[in-house]
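Residue numbers (the numbering used here), protein chains in the order written: chain P, -2 to 476; chain F, 533 to 1201; chain C, 50 to 367; chain S, 773 to 992.
All C-beta atoms in this analysis are idealised placements derived from N, C-alpha and C, irrespective of residue type, glycine included.
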Amino acid sequence: MNFDPLAAILLIPALAAALLAVLPGYGPTARLNVVAAFATFAVALSLFVTRPSPGLYLHVDDLNNVFIVLTTFVGFTTSVFSASYIRHELETGRLTSTFLRFYHAMYQLLMFAMNLALTANNIGLMWVAIELATLTTVLMVGIYRTHEALEAAWKYFILGSVGIALALFGTILVYMAARPVIGEGLDAMVWTTLAARAADFDPALLNVAFVFLLLGYGTKVGLAPLHAWLPDAHAEGPTPISAVLSGLLLNVALYALLRFKMLLALNPKAVAPGPLMVTMGLISLVFAAFMLYRRRDIKRMFAYSSIEHMGIIAFAFGMGGPLANFAGLLHMTMHSLTKSAIFFAVGHIAQAKGTQQIAHMGGLTATHPLLGWGLVLGVVAIAGLPPLGLFMSEFLVVTSTFAREPWLALVLVAGILIGVAALFLRLNAIAFGEPRGACAETKASYVPMFVHFALVFVAGIYMPPALVAWFQNVAKLLG
Amino acid sequence: MTLIIASSCAAVLLAVAALAVGIGRSPAATPTVYGLCLGASAVSLAAAVTHLLGTPTPIEATLPLGLPWLGAHVRIDALSAFFLAVVDLGAGAASLFALGYGRHELAPTRVLPFYPAFLAGMNLVVLADDAFTFLVSWEFMSLSSWALVMAHHRDPDNLRAGYVYLIMASFGTLALLLAFGLLAGPDGGYAFAAIRNAPPSSALAALVLILALIGAGSKAGLVPLHAWLPLAHPAAPSQVSALMSGVMTKVAVYGFARIMFDLVGSPAWWWSLPVLALGGVTAVMGVLYALMQHDLKRLLAYHTVENIGIIFIGLGLALAFKAYHMSLAAALALTAGLLHALNHSVFKSLLFFGAGALLTATGERDMERLGGLIHRMPQTAFMFLVGCAAISALPPLNGFVSEWLTFQAILLSPQLPSWGLTLLVPTVGALLALSAALAAACFVKAFGITFLGRPRTPVAAKAHETDRLSLAAMSFLAALCLVLGIMPGVFIDALAPVAQSFAGARMPVQAGVDWLSIVPIAESRSSYNGLLVFLFMVISGTLAASAIHRLASDRLRRAPAWDCGYPDSSPATQYSASSFAQPIRRVFGTVLFRAREHAQMPPPGDPRPARLTVVLRDPIWETLYAPIAGAVGWVTEHLNRLQFLTIRQFLSLVFAALVILLLVLALWP
Amino acid sequence: MALIVDFAVQGLQMLLVLMLAPLLTGLVRKVKARFLRRRGPSLLQPYRDLARLMRKEVVLAQNASWLFRVIPYLVFAATWVAASLVPTFRTGLLFSWSADLIAIIALLGSARFFLALAGLDVGTSFGGIGSSREVMIASLAEPAMIMIVFTLALIAGSTQLSTMAGYMLSSAVGLRVSLGLAAVALIMVAIAENARIPVDNPATHLELTMVHEAMVLEYSGRHLALIELSASLKLLLYVSLIACLFAPWGLAPPDAGGERLALGLASYLAKLAVGGVLLAVFETSIAKMRVFRVPEFLGAALMLGLLATLLLFVSRSL
Amino acid sequence: MRGLTFDIAHLLAGSLVLVSFLQLYQDRLYALLNIFALHALLLALSVAWQAYAQNAPHLYLTAAIALIFKAIVIPVALHRIIVRLGIHREIEKAVGVGTAMLLGIGLVALAMVVMLRVTAEADPLAREDLAFALSVVLLGLLMMVTRRNAVSQVVGFMSLENGLVLAATGAKGMPLVVEISVAFSILIAFIVVGIFLFRIRERFDTVDLHALDRRRGERP
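This is the structure in structure tokens:
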């Protein structure tokens, strides 16, 4: 039989999940987790060469290809990180082996759900996949069974469910809009056909649909004021999950949003989705930037920074145009790499310090040079300072915006500056100054973190033409 | 060719930085790194100078880096060649100094990797020829220097300094980002060539001017954006302080010149108004701040602010003249400004090296705890004295030449047809004169309190002369101060191509004038000859000395100080830095800094010492920075409540968003 | 040939100022004494003082540094060079183009710079008082002086003293407000710079009132002699400066023959005498002011200078 | 025939909205549960009717789920929980009944306005249904927002979801409807179990969400 990569990237995680659910013991399961993640990544890479033709349920195009590869890659590195992280958790007894099995199974299930959401060629399927992803992450956030963890999970769950419901309503509306044109049945939910015929859809229905989708998937993206679940979920869950949440799940939800934005953009009579996204983006950016100041929990702080960057990305896509869209895609990629790397560092730091409270950290560059400088590097990157990748995207966003909408650009710049100030205020306390707090040794795995940073660094000064070509195609698609 | 050499030198520096990360801990690291830096910058300097002296036609190249569809453009023309020379001159001197000074570094692993990176960043800024490369190098320079400021991170003051520095740096970069956004236009023509071909409309250009003033000014230390500078420059290790004060600020000047003289096209006359006004204010404020300091390195940092003001006065005049197509005058003003940039980088580096030598010798930066060091470290004292004289614009040293040229440029300004300028320029001239005089006063204080008199603390009494390499670096710069002072014509001629291409004309050729004197416009109008003045002074001084020693007595007897017959009292009775500044503080400080002196006199018979406390307040910090910080704090305070809502309340946020959006749809036309 | 003559004239000028300086000081002292109904020392007393000081041994404070011993020569050199570049009896001196008015002021500035350092070197409180007050005065006097230079330079279209004097001689210069303001300001600055009453009192040794004298308190012997000499040189310089700018009559042009030179010399001596007498009159008719009134005095000078310049700018641009 | 199907569907959908209002009005938990059961019943009926009208047999399955799961199982389960946890029988409201009602009416009006802008080509059935569905959704959300304790919020969420199912079934020939309704039932089951679990594991005194919020990561 011929080998179908598309099926593979879905089957591998699914099978792995099933296996991990039954296998006992730390060593083998962790290894299996890594292996499965790597296999998925390898297969995803093969998508670059052989791209299967779109079916009723699954398809691959320039847009999601990049995301699939990114997702599987970060999933792989995160699994490596999580191996060392979880070992420490087991040793300190924060996790028991039963939960460990659960954890690994859920991890692969999450991978499966995200891959499904990315490859889905069917808005219904995509919706189901994202719901699945949400549920799995909910369960993983609550895994520590502390008051805070349960509460975070509960909050995430309730808000997520509402989001899901809204998204579904939007999906139904899209179907309603498509049906008169395309006809009943599955075709009316297939991306490729939808995109082809979008111009003739009923604009009013599309508008309402987009409002619901924006709020529904926007809840997953964590745009303010729908962000409430995000900081706590990041803060209370296991750090690998925080990394995956920030690095991947937000992207996946944003990806879904982009798909629908494209749909609307194709319809001349519908409202321009741009202004909505720009507004929400700016609100999220400025709001998160201010919220960064009073954070005492390091993971919650970086969660807010994720909100901030999602705001920037939404802003970029809202502005539209080749430059801004390119910047948005680049920013998405760079952010997920950087933020997950930061969470790798933060996870080990929290383990070394035995707390997530910033007040009990200090002088890390002196006590744990690699972790400390890793964190510094991460913050420098996330603050959008050159020569790291996020600078390029911010450069493009700001410059391209200022020539078109000066005032928006000023708000954007102000938000970014406020955020940078907050981040470095905390960084000073964490990484420099006299060492503070407990100082345990950790068997940290630095490789994933520095691999990510290396990629971000390279992207900041040199981007391979192939990637650029993809991004530019997609940027054109996004209009 | 030059371009290849220059950029490869930058690449070498980056490689050295990477190397330093690797070998940072080994004892051989310090000499290796600084040695390599010295070599690289020397080569690059040679390349720049040859390019400047040869007929400098712009050379361009594009590397497959940076923005994918744009690539990294690098280019070297007269302006960048000149600033490349300034950068690498300072870099070379600093590296030489650090070869000796760096050995006393406590945390080499926090300095060595970033030092070459810093140098590379500055080189690249000067070479960059598209907005992206320029800003990347610019911010890279800030970032690496930030890391150097944080080198001694255990001191809370340094932490704060680093923090303020980074914020101001990002602020400036963002401003420049916006400026380039305007220049490049919506479809992103980021290459400087493209920008040159499509200069912005006058309204946009005005916005660019403001943004460039903010962006480059915040890096250069224009008042009121200088706040970070006196915090950050002293916090770094001394060779880095020298670089930041002497060189990095010049890179900022380069950025401003590049944008205003090259990219935005022909200027309008009123552009010069803010530049001149800010320049004048900066010059005076800077020196007044400096007079109130008793931390030596901070004092020097504030003087950087002052000199930046002088440089900007030159640039502003050049803009004004250029706007009215008075090319010759523009050339004079521009040359004056750039020459002062060069001079300042020389003597400011020299002074910071001196401060560094003191730091290693005594571990003190506070002048109130020094004194009498001229006996313990005579060579350092001599070099420092030369630096002081130079920065105080005393003939025949170099500081005087550039200020003299600036005055000459000001004296040409009545030919400017516009009212605003005719009223502003003489005022600026007065401010310039005032700042020059105050600078002299300030350096009498700096040198007198630090090196003269009697040691105020044991550490000062037990200080020892610094090492040879540091001295070599200092004497090199001191010699340069004299050379620049007595044969300025050479350098003015070297600057001719810059003036030619950016002011539209060049100053008259100085090489022809006999006795190496300089003639800005015409000999009947004004001329100055540093060499002759120098010779005159030497001759008459030696003449007098020999005559007196031969004809009259040369007997000499040591005795206790006379001091109006008071018995020799403790060193504490000497004038201290703050008491020396007291008259000037009373004259200027009472208004500007709201200086208040509280004297607590114990009642008669009470043995307690009387106490004099002086309260100074920083007007700019209080009126500009504190309110902003307060506002941010207020907003965060109030927004932070949103972190603590119940799930229901969060749900109602979602609900509200939904309803609002639906309403928007319902009301959509 | 011409070159030799120029050299001769330049040398003559240098010697002349050097020789005349103490005489001027002596004259001022004499006249003041006369006004006070004293006989006063003879006109030649300053020469005698100098000679005596020269012969005396130097008593150096124990912790005086090498700088302390070098400074008198530096100060003397700077002042002498400055004084020898001001046209006294003939414009267009050989080396006049080597330093214009701004440079001359800067030379005096460097003299003051080093003298102030000397005040701090021994590390006594009086030296400190002197230096700090001196620099405070200077920090106001110099900008005022620069403003005056601006005014004159803008009128004469040059900062070159010879050219300026030549222009002042010519009929082109009418009666100008700014010129008057500048003259007043220049006189005020001159008084301050030369530590004359009402700013400072050259004759006093009352600690709390003295400025210049406190600075040089630790000097003795030949060092003191040099400093005294440079002080009187400076006085001479300012008088001749005022003379050649505001009363340039009789100045010999560059291409003057013997008799014009003689005339110039004579007129110069006359001007000096007049200047000295006027100074004495002024000094005896006014009381010394408190140190912290000095800034106001000099601030007034600065404002006058600035006003003069502004007037000029405005009138030019009309 | 056409008219009749339309009218009946219209009637059922309209009565769903009405019942939502009743829920909004209700301030006793048990009564609320009963009314919700009614809500679910009506949903089941209307889904069944749609199944008949579009002769799409799979919709009967959805109807059945609605009937059994939502109209019977869940209310009973919640009933049990209330007894087991000894929750106060009356509902704490954040907003008074009157205002809630007013808001509700405003929302229904909004839903109508938004939906009636849809071009008439889309067949009226779908259009009206959508309008009603949207109002039910909004009312459910309003209920979640205005009620303080978890049970009534769950009820609110479920009626919201009823609105979704109504919309889904109203959309002719929409695939995956059954799957979706199943998925949602699972979701709701999760919620209910969640409430229950917290009681067992974490000894929260009440499932009033306030108690959950009391333990917070970072109080200033």
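Handout entry: Pair within 8 Å by beta-carbon distance, F:Ala969 and C:Pro344
Key = no
Exercise for the section: Say yes only if the C-beta of F:His857 is nearer than 7 Å to one or more non-hydrogen atoms of the ligand ATP, and no if none qualify. Expected result: The ligand ATP is absent from the structure shown, which contains no ligands of any kind.
Practice task
Can you give me the start and stop residues for the beta strand (DSSP E) that F:Ile591 sits inside?
Solution key: Ile591 to Leu595
Handout entry: C-alpha gap between P:Leu212 and F:Ala626, whole angstroms
Key = 58 Å
Handout entry: Other residues of its chain near C:Ala350: CB distance less than 6 Å, five sequence neighbours each side excluded
Key = Cβ contact annotation for C:Ala350 (same chain, cutoff 6 Å, sequence separation greater than five): Ala193, Ala234, Met237 and Val238, in chain order.
Practice task
Going by CA-CA distance only, name the one from F:Val618, F:Glu671 and F:Pro718 that's closest to F:Ala699.
Solution key: Before going on, a small fix: residue 699 of chain F reads as Ile here, not Ala. Here the closest residue by C-alpha is F:Glu671.
Practice task
Given a cut-off of 8 Å, decide if P:Leu326 and P:Val218 are closer than it, judged by their beta-carbon atoms.
Solution key: no
Problem - Per-residue burial, F:Asp1086 [other beta carbons within 10 Å of its own, 16 or more giving buried] - result: Within a 10 Å sphere around the beta-carbon of F:Asp1086 sit fewer than 16 other beta-carbons, which makes this residue exposed.
Practice task
Report yes or no: is there a C-beta of chain F within less than 8 Å of the C-beta of S:Ala916?
Solution key: First, the residue type needs correcting, since residue 916 of chain S is Met and not Ala in the sequence shown. Yes - at least one Cβ of chain F is within 8 Å of the one on S:Met916.
Exercise for the section: Give the straight-line distance between the Cα atoms of S:Gly876 and P:Gln354, rounded to the nearest whole angstrom. Expected result: 44 Å
Problem - Start and end residues, beta strand (DSSP E) containing F:Thr1145 - result: Arg1143 to Val1147
Practice task
Quick one: grab the DSSP three-state call for C:Gln111.
Solution key: coil
Exercise for the section: Within the segment 1024 to 1076 of chain F, note down every full beta strand (DSSP E) run reaching 3 residues or more, in order along the chain. Expected result: none
Problem - Residues sharing a beta bridge with S:Arg800, DSSP - result: S:Glu862
Practice task
May I ask you to report which of helix, strand or coil DSSP gives C:Trp335?
Solution key: The sequence shown places Ile at residue 335 of chain C, not Trp. In the structure shown, C:Ile335 sits in coil (DSSP, three-state: anything other than H, G, I, E or B).
Exercise for the section: Measure from the alpha carbon of P:Ile505 to the alpha carbon of each residue in P:Ala41, P:Ala15 and P:Leu12, then state which is nearest. Expected result: Shown here, chain P extends from -2 to 476; a query on residue 505 of chain P therefore has no answer.
Practice task
Measure the Cβ-Cβ separation of F:Leu964 and F:Gly818 and say whether it is below 8 Å.
Solution key: no
Exercise for the section: With 8 Å as the threshold, decide whether the Cβ of S:Leu882 is near any Cβ in chain F. Expected result: yes
Problem - Contact belief for S:Pro947 with P:Gly121 at Cβ below 8 Å, rounded distance in angstroms - result: 7 Å
Exercise for the section: Taking P:Phe154 as the query, report the chain S residues whose CB atoms sit under 8 Å from its CB, ordered along the chain. Expected result: Phe962, Ile963 and Gly966
Exercise for the section: Could you check what DSSP says for S:Arg852 in three-state terms: helix, strand or coil? Expected result: helix
Practice task
Round the Cβ separation of S:Ala905 and S:Gly935 to the nearest angstrom and send it over; I've been treating them as touching at under 8 Å.
Solution key: Yes, S:Ala905 and S:Gly935 are in contact; Cβ-Cβ is about 5 Å, under 8 Å.
Exercise for the section: Please decide whether F:Pro718 counts as near chain P, where near means a Cβ-Cβ distance under 8 Å. Expected result: yes
Exercise for the section: Drop a sphere of 10 angstroms on the beta-carbon of S:Leu776, count the other beta-carbons inside from all chains shown, and report buried for 16 or more, exposed for fewer. Expected result: When all chains shown are included, S:Leu776 counts as exposed.
Problem - Range covered by the alpha helix (DSSP H) that runs through F:Gln911 - result: Pro910 to Ile923
Problem - Beta carbon proximity, P:Asp197 to chain S, threshold 8 Å - result: no
Handout entry: Distance between F:Val1191 and F:Ala1198 (C-alpha atoms, nearest Å)
Key = Here the C-alpha atom of F:Ala1198 lies approximately 10 Å from the C-alpha atom of F:Val1191.
Handout entry: C:Thr333 versus C:Val130, C:Leu285, C:Ala252 and C:Tyr268, residue with shortest Cα-Cα distance
Key = C:Ala252
Exercise for the section: Just the C-alpha distance for S:His982 and P:Leu53, rounded to the nearest angstrom, thanks. Expected result: Note that S:His982 has pLDDT 46, beneath the 50 cutoff, so the model's placement of it is unreliable and the number below is only indicative. Each residue's alpha carbon lies about 46 Å from the other.
Practice task
Please decide whether S:Leu876 counts as near chain P, where near means a Cβ-Cβ distance under 8 Å.
Solution key: Looking at the sequence shown, residue 876 of chain S is not Leu but Gly. False, the Cβ-Cβ gap to chain P never drops below 8 Å.
Practice task
Indicate the three-state DSSP secondary structure (helix, strand or coil) for P:Asp184 in the structure shown.
Solution key: Here P:Asp184 sits in helix by DSSP.
Handout entry: Residue burial classification, F:Pro1029 (beta-carbon count within 10 angstroms, cutoff 16)
Key = buried
Practice task
Would you decide whether P:Gly90 is buried or exposed? Buried here means 16 or more other CB atoms lie within 10 Å of its CB.
Solution key: exposed
Exercise for the section: Measure the C-alpha to C-alpha separation of F:Arg557 and F:Ala683 and round it to an integer number of angstroms. Expected result: 15 Å
Exercise for the section: Look at the alpha carbon of F:Glu997 and the alpha carbon of F:His907, and state the distance between them as a whole number of angstroms. Expected result: Straight-line Cα distance between these residues: approximately 10 Å.
Practice task
Put F:Asp827 into one of helix, strand or coil per three-state DSSP.
Solution key: In the three-state reduction of the DSSP assignment, F:Asp827 falls in the strand class.
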